[in-house]
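Just so you know, the UniProt record's numbering puts 179 at position 179 of the sequence shown, and the rest follows in order with no gaps.
Don't be surprised by glycine CBs; every beta carbon is placed ideally from N, CA and C.
Here the structure is a predicted model, which means the values were calculated and not measured.
For reference, the structure discussed in these notes is given below.
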Amino acid sequence: MNRFFRTISLVLFLGYALIGCSIKDEDPSNQDPVQDGQTSLTDFDIPDNFNYETTQEINLKISSENVSEPAVYSIYTIEEGNNYQLRGKAMSDPEGNLEYNTNFSKHIQSLYIKRHSQGVDHYEVVQLISMIHKVEFTQFSQKVSASNARTLQEADSDNDGIVDALDDYPNDANKGFNNYYPSPGAYSSLAFEDLYPQRGDFDFNDIIIEYNINLVTNADNNVVELDMDFVAKSVEAELPSGFAIELPFHADSISNVTGSVLTGNVAFTGSKGLESGIVASKPVVVVFDKSTDILSGDGPVKSSDHIYITVALSNPIALSALGDVPYNPFIFVNNEREREVHLSGKTPTSKFNDAYLRAGEDVGGYKTVDNYPWGVHVPIHFAPPKENVDITNAYLNFSEFATSGGTSKGNWYTMQEGNRNSNNLHE
Ligand SMILES: [Ca+2]
Ligand SMILES: [Ca+2]
Ligand SMILES: [Ca+2]
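Okay, here's the thing in structure tokens:
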């Protein structure tokens, strides 16, 4: 009998140990009360090298026949519903050639390009089927019917080479054109999970930053200033977050940054308004350092006022080098500056504490071992999923976008029929 009880005890002990282990190691997402018929991002296999990109770089090589002076080209995106949105303008060389590199949202399938030359406007439409496009204005290019009033003698009040009618700053020779990401008056969104280094519940609503970034260029198509407009939002988040952007150029090119909202004693700026204590080759602009100080509202979605940040450049930088807006944005959570959360595939700043790479589920590059992210960039206004609603249940084509490595359903975030379950998100 003794032997029998010893065996039973051993079996019970082993069984207990196994159950204990299995609970300890259990996938946390399996503990979430997922409703019948609901999916979870963790149900899906994501290609390892996918970074959830929602924009793509496009290279336009624009040329014109029979042009003997610099022309101005206006670049418009054609959105769903045949809605034309101005991206920006750029000046060609004296033969009408312009190389224009920039990022466009993946849902943009075509561009409308208008050439302003010698008082007459023509246009071409480009279907974005590859990364590189030749755009040739010829004698067959369509004339824009509304424009014919301008003459060769048009005024150029600030004498920067851009006539007043096309100059967004007709009395400032240092500035010529606005280039809006995504378009004038519209916003793109960055949506984060804030439980880093643990993964969250994939509702991507803990902290959302909407942005509109205007790259102001001169007549040489060089950026002289970044005018940035941000609004923070959150759905029932408890942890405070800060938000900042690492810029892709040296601090020596920057003369001044204004507009940071620093209330939390978490981040600090130096003499130029850049974050202090950061390597000069990768300067950081802090937008706000404590979300709970700036968010307000009675409903489930809290919102901040607009935060306007201006980055003035002392050394202008080619527009084509700065098209990857919004560069390297990140949040830092729980009043810990060193606890940075970036988009998938991005690198942390020198302030990041790499102990987080050993403390949670980040296997590097802000990816879990199964390549789930902590943040997504949505290149339009992002209607946040309701609390605890997995993004795949609010945006029904997100899973196909992710499992295809971005080759399918590149417009998962738009208003197109079938993309959204409006019951599961805050419109
Ligand atoms: Ca001018
Ligand atoms: Ca000007
Ligand atoms: Ca969440």
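In this structure, the CA atom of L247 is about 17 Å from the CA atom of R337. Leaving aside the five residues that flank N171 on each side, the residues in its chain whose CB is nearer than 8 Å to its CB run, in chain order, S157 and D158. Taking C-alpha positions only, N103 is separated from T55 by approximately 6 Å. DSSP, reduced to helix, strand and coil, places T349 outside both helices and strands of the structure shown, so it counts as coil.
Between the segment 65-73 and the segment 280-298, the count of C-beta pairs closer than 8 Å stays below three; the two stretches do not touch. Counting every other CB atom within 10 Å of its CB across the protein chains shown gives E124 a total of 16 or more, marking it as buried. Beyond the five residues adjoining it in sequence on each side, G360 comes within less than 6 Å, by CB distance, of P197 and Q198 in the same chain, given in chain order. Annotated three-state conformation of R420 is strand, per DSSP. In this structure, I254 and K272 form a Cβ contact; the two beta carbons are roughly 6 Å apart against a cut-off of 8 Å. Every residue whose beta carbon comes nearer than 6 Å to a heavy atom of ligand 2 appears here in chain order: D158, D160, I162, D167, Y169, P170, D172, A173, K175 and G176. The alpha-carbon separation between L396 and S422 amounts to approximately 10 Å. Taking 8 Å as the cut-off, the beta carbon of L343 is found no closer than this to the beta carbon of P384.
Remark: three or more beta-carbon pairs, one from each stretch, lie closer than 8 Å, so the segment 301-314 and the segment 222-239 are flagged as touching.
Spanning the alpha carbons of A402 and G299 requires a straight line of approximately 31 Å. If you check the CB distance, L166 and K114 do not come in under 8 Å. Of the candidates A267, I213 and T269, I213 places its Cα closest to the Cα of D324. Fully enclosed beta strand (DSSP E) runs of no fewer than 3 residues occupy 188-192 of the segment 149-215, in order along the chain. A direct Cα-Cα distance of roughly 6 Å separates Y180 from L215.
Taken atom to atom, the span from the alpha-carbon of L195 to that of V120 is near 56 Å. In the three-state scheme derived from DSSP, where H, G and I count as helix and E and B as strand, A318 is classed as strand. Cβ contact annotation for N393 (same chain, cutoff 8 Å, sequence separation greater than five): Q38, T39, P385, N421 and N424, in chain order. Less than 8 Å divides the Cβ of V163 from the Cβ of E154.
Taken in chain order, the segment 226-284 contains no complete alpha helix (DSSP H) segment of 4 residues or longer.
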